Structures are given as C-alpha cells and as structure tokens.
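Trainee: Residue numbers (our numbering): 602 to 819. Ideal Cβ placement from N, Cα and C applies to all residues, glycine included. Here the structure is a predicted model, which is why all the values come from computation and not from measurement. What follows is a structure written as structure tokens; I'll ask about it next.
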Ligand code: BEZ
C-alpha cells in the first residue's frame, strides 16, 4: 500500500530552501531559520540513540566538530527519540568513551522535522529516521543531500570533502572532478558558445584534454 505524503512527508531536493521548523534540542529550543546565522549547517539524522552504528557516527561527528567549525559550519543532529533519551545517551557515551556530543541534537519525538526532510522512509523503517545528511548554505538553501540506510554508517571524510568542495566551488566559480580534495586541480566551466570554445582551444593556462575538459590550479 502506498503511504500518503502527509504520513511520510516529502523529500526536499537540491536547490530547495530548507524548510523552517522549531524544535527541542540538547542545547535548548531552536528555530531553524535563526540557527547558524551566516554559516553552513550540516543537518543529519540517525535512526536511534543507544544503537551501535549511530554511536560510531555521532562520535565521528563529535571528534571532527572542529573541522566543521573551521569550515564555518554548525552541526545539527536529529533522531526520533525523546530529549531524556538524548541526554542519557550523550552522558553514557561520554562516560564510556570520553567523547562528548557538544552540538544540538533534535528530539523529534513527533516526527515533525523527520517528515519535513524526508528522513522517514517507511519501506526502510516506519519509526526510525534513515541516515540523512543535508548540506545547507548560509542562505538556507539545500546544496547536497545524502541518504543512507539503517545498516550502513556514513563516511566522515566524504562529508567533510563534499562540504569543502561546495564551498571552494562557490568561491571560485569552478567545478570539482572525481575524488577532488583540497589542493587538487579544479575544472574550469566549459565554454558556452563558439567564441568561448575557440578561445579555450588556444588557452595554455589550463590543462586541456579538449575544449570541454580543462583543469587548473586554484
Ligand atoms: C545502529 O545504529 O546500529 C542501528 C540503528 C537502527 C537500526 C539498525 C542499526
């Protein structure tokens, strides 16, 4: 049976404005439109507190929080758990491993935010959010979306790499090739007309495979 949109929510797409919401978090109440002003946000969900894969992932975010902050980015977690569960889990992980989740985690017990962001995917689970990551820029536009299933943890190197790639692309008006990482050459936007194509064919400042594929140092 196909579930209705009102039951499961919608999946926001790249380029959409991030839906606004108010929520209770481990750092107090937030209104998303006022959260992380002039900064990027990584909004991510995990299926449940006190579960093994989620504990490794949350610890990964916590251990690399300074790298996110250095990229002018705030972390905002979420699961369909109560605030009491979140507090107990944060404290438990700190006691057991010394890792402290020092960023807000939304207690989405009524599934309001999960549904707004398409994190509830009922053929995977009707009660737990999937592992979603939304990359949201300072204008609150959604720039990149990842959805992972319950049984596969995400890759923190890739999340940081993709965030940096978006920011470097924005700043320099270039695109990022396969496996791009900081320091690698970037892709010069391809020509849009014959004049630009002819110009590109005699441009020796970039590494040219052909007019449509040229790379340069930043
Ligand atoms: C986990 O984080 O280990 C997990 C959570 C929900 C379902 C399956 C695994």
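Going by other Cβ atoms of all chains shown within 10 Å of its Cβ, with 16 needed for buried, is residue 618 buried or exposed?
Mentor: On the chain shown, position 17 is the one that residue 618 refers to. By the neighbour-count rule (16 or more Cβ atoms within 10 Å), residue 618 is not buried but exposed.
Trainee: Going along the chain, which residues of its own chain have a beta-carbon closer than 6 Å to the beta-carbon of residue 602, five neighbours each way excluded?
Mentor: What you label residue 602 is simply residue 1 of the chain shown in a count that begins at 1. Any answer about residue 602 is weak, because its pLDDT of 49 lies below 50 and its placement is not dependable; what the coordinates show is given next. Once the five neighbours on either side are set aside, residue 602 has no close Cβ partner at all.
Trainee: From which residue to which residue does the alpha helix (DSSP H) around residue 759 run?
Mentor: As a working mapping, residue 759 is identified with position 158 in the chain shown. Start and end: 757-773.
Trainee: Throw me the rounded Cβ distance for the residue 725 and residue 731 pair, which I believe falls under 8 Å.
Mentor: Sequence index remark: in the chain shown, residue 725 carries index 124 (1-based). Sequence index remark: in the chain shown, residue 731 carries index 130 (1-based). Sure, about 5 Å apart at Cβ, within 8 Å.
Trainee: Counting beta carbon pairs with one atom in the region 650-657 and one in the region 623-632, are three or more of them shorter than 8 Å?
Mentor: Short answer: they don't touch.
Trainee: For my contact list, residue 714 and residue 679 are in at a C-beta cut-off of 8 Å; report their separation, rounded to the angstrom.
Mentor: Here residue 714 refers to the residue found at position 113 of the chain shown. Here residue 679 refers to the residue found at position 78 of the chain shown. Rounded, the Cβ-Cβ distance is 6 Å, consistent with contact.
Trainee: Contact between the region 698-715 and the region 668-684: three or more CB pairs below 8 Å?
Mentor: yes
Trainee: Of all Cβ atoms in chain C, is any one closer than 8 Å to the Cβ of residue 779?
Mentor: Looking at the structure shown, chain C is missing, and only one protein chain is on hand.
Trainee: May I have the straight-line CA-CA distance separating residue 660 from residue 762, to the nearest angstrom?
Mentor: Locating residue 660 in the chain shown gives position 59, counting from the first residue. Locating residue 762 in the chain shown gives position 161, counting from the first residue. Each residue's alpha carbon lies about 18 Å from the other.
Trainee: From 637, 621, 747, 811, pick the residue whose C-alpha is nearest to that of residue 669; which is it?
Mentor: Position 68 of the chain shown holds residue 669. Taking only the C-alpha atoms, the option nearest residue 669 is 637.
Trainee: Any residues whose CB sits closer than 6 Å to a heavy atom of ligand 1? List them in chain order?
Mentor: The answer, residue by residue, is 648, 649, 652, 653, 654, 655, 729, 751, 752.
Trainee: Round the Cβ separation of residue 750 and residue 774 to the nearest angstrom and send it over; I've been treating them as touching at under 8 Å.
Mentor: For the purposes of this step, residue 750 is taken as the residue at position 149 of the chain shown. For the purposes of this step, residue 774 is taken as the residue at position 173 of the chain shown. Their Cβ separation, rounded to whole angstroms, is 35 Å, which puts residue 750 and residue 774 out of contact at 8 Å.
Trainee: In this structure, what does DSSP give as the bridge partners for residue 715?
Mentor: As a first step, residue 715 is located in the chain shown; it is residue number 114 there, counting from the start. Per DSSP, none; premise fails for residue 715.
Trainee: Tell me which residues share the same chain as residue 802 and place their Cβ nearer than 6 Å to its Cβ, disregarding the 5 neighbours each side in the sequence.
Mentor: As a position in the chain shown, residue 802 is number 201, starting the count at 1. Hits under 6 Å: 812.
Trainee: Can you tell me whether residue 602 is helix, strand or coil according to DSSP?
Mentor: Working through the chain shown from its first residue, we reach residue 602 at position 1. In this prediction, residue 602 has a pLDDT of 49, which is less than 50 and means its spatial position is unreliable; what the coordinates show is noted afterwards. Coil, per DSSP.
Trainee: Would DSSP call residue 678 helix, strand or coil?
Mentor: Translated into the one-based positions of the chain shown, residue 678 becomes position 77. DSSP places residue 678 in strand when its eight states are reduced to three.
Trainee: Give me the residue from 739, 632, 646 with the minimum Cα distance to residue 747.
Mentor: What you label residue 747 is simply residue 146 of the chain shown in a count that begins at 1. Taking only the C-alpha atoms, the option nearest residue 747 is 646.
Trainee: Give the DSSP-derived three-state secondary structure of residue 615 in the structure shown.
Mentor: For the purposes of this step, residue 615 is taken as the residue at position 14 of the chain shown. Residue 615: coil per DSSP, three-state reduction.
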